[in-house]
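Notes follow the structure.
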Amino acid sequence: MANTFEIKSTQLPLVALLLKTPELARLMEDLDEQFGPDSQSPDFFDNDALVLDFSNLESLSRTEALPQFLTKLRQCRLKPIAFRNAGKTIADEALACGLIEAPADMPRGKPVTQKKQVEKPVVESVREVVREVIREVPAQSTLVIDKPLRSGQKVYARGADLVVLAMVNMGAEVVADGNIHVYAPLRGKAMAGASGNTQARIFSLCLEPELISIAGVYRTSENPLSKDIQGKPAQVRLSSDGQDKLLFEALNS
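So the sequence shown is numbered by the numbering used here: it starts at -8 and just counts up by one.
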């Protein structure tokens, strides 16, 4: 008998979407505003496989709206294939929509050595319009930006490290699948390890960000940094104990 195929186990690179509100209509509006076909970032995702995480929700306002929500995700170039941490009502509806149930704790991917990894930063339900996207880098080791980034501008180094030689002002965003180096004040949002690289780090000569995120683990300015870190040269990394905790460390000269 001919040996025409072989079945093996594998780990797929997945984007995780953590839902923080049961209002699907609001979620669809926010997703469309930030990542929809008519937004300023319509190509932020590249038909990435998606797992929906319902761990923050006990129910949905309208479970029958889930098919429309999945359609909206596809319009944002996301491919919902699975869900996790759902109660029975949500799980039944998700299964009826053709999604599969994933384990509650899915393993993270390896550090960025490939184009896609396990997770991109969690897409929060926020009402913020990104007014200008500078450019996206498909495949290079480092993207260097030598001009200040003003509010509303966004740089995404896809599959690359990002080096910024000028100020990142409040309202600006710097995103990289690898590390982020800012040799100037960092006052906007910085998201490193955007596609799941837990080894990524963020460096700045003057750390005073609105938001810091590594592999989806984030901290906002609502939780102030300590005095020995705020406005000082510092680095940010994830703890190595599996607790998904951001560590802020001063860079001593």
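Where is the CB? At the ideal position from N, CA and C, for every residue including glycine.
query: Could you compute how far the alpha carbon of LEU242 sits from the alpha carbon of ALA225?; result: 5 angstroms
query: Quick one: give me the first and last residue of the beta strand (DSSP E) that LYS246 is part of.; result: Given a span of -8 to 244 for the chain in the structure shown, any question on residue 246 remains unanswerable.
query: Should ILE(-2) go down as buried or exposed, given a rule of 16 or more other Cβ atoms within 10 Å for buried?; result: exposed
query: If you draw a straight line from the alpha carbon of ARG228 to that of ALA157, how long is it in whole angstroms?; result: 22 angstroms
query: The beta strand (DSSP E) spanning MET182 covers which residue range?; result: 180 to 183
query: Quick one: residues in its chain with C-beta nearer than 7 angstroms to the C-beta of ALA151, no 5 flanking neighbours on either side, listed in chain order?; result: VAL128, GLN131, SER132, THR133, LEU134, ALA167, ASP168 and GLY169
query: What does DSSP give as the partner residues of PHE194 in its beta bridges?; result: HIS172 and GLN226
query: With respect to the beta strand (DSSP E) encompassing GLU240, which residues constitute its N-terminal and C-terminal limits?; result: 237 to 241
query: Per DSSP, LEU9 is paired with what?; result: ASP44
query: When the Cα atoms are used, what is the spatial distance from PHE26 to ASN(-6)?; result: 44 angstroms
query: Which word fits SER230, buried or exposed, when buried means at least 16 other C-beta atoms lie within 10 angstroms of its C-beta?; result: exposed
query: Leaving out five residues before and five after VAL124 in sequence, what residues of the same chain have Cβ atoms less than 7 angstroms from its Cβ?; result: With a pLDDT of only 45 at VAL124, under the threshold of 50, the placement of this residue in the model should not be trusted; the figure read from the coordinates follows. So the qualifying residues of the chain are GLN31, SER32 and LYS145.
query: For GLN144, name the three-state secondary structure that DSSP assigns.; result: strand
query: GLU213: buried (16+ other C-beta within 10 angstroms of its C-beta) or exposed?; result: exposed
query: Per DSSP, which one or two residues make a beta bridge with ILE203?; result: ALA181 and ARG210
query: Put GLU92 into one of helix, strand or coil per three-state DSSP.; result: strand
query: Please name the residue in LEU22, LEU216, SER186 and TYR209 whose C-alpha comes closest to that of ALA40.; result: SER186
query: Less than 8 angstroms between the C-beta atoms of SER195 and ALA163, yes or no?; result: no
query: Could you tell me if SER204 is buried or exposed, where buried requires 16 or more neighbouring beta carbons within 10 angstroms of its beta carbon?; result: buried
query: Keeping to the same chain, check which residues put their C-beta closer than 8 angstroms to that of GLN221; ignore five residues upstream and five downstream.; result: LEU198, GLU199 and PRO215
query: What three-state label does DSSP hand GLU164 in the structure shown?; result: strand
query: So, at 6 angstroms on beta carbons, what are the nonlocal neighbours of PRO176 in its own chain, with the 5 sequence-adjacent residues on each side left out?; result: MET158 and CYS197
query: Could you check how far apart the C-beta atoms of ALA181 and VAL165 are, in whole angstroms? I think they sit under 8 angstroms.; result: 5 angstroms
query: Let me check understanding here. Comparing Cα to Cα, which of PRO139, VAL6 and PHE239 lies closest to MET161?; result: PRO139
query: DSSP state of LEU153, grouped into three classes?; result: strand
query: Let me check understanding here. Comparing Cα to Cα, which of LYS79, LEU238, ARG65 and LEU90 lies closest to PHE36?; result: ARG65
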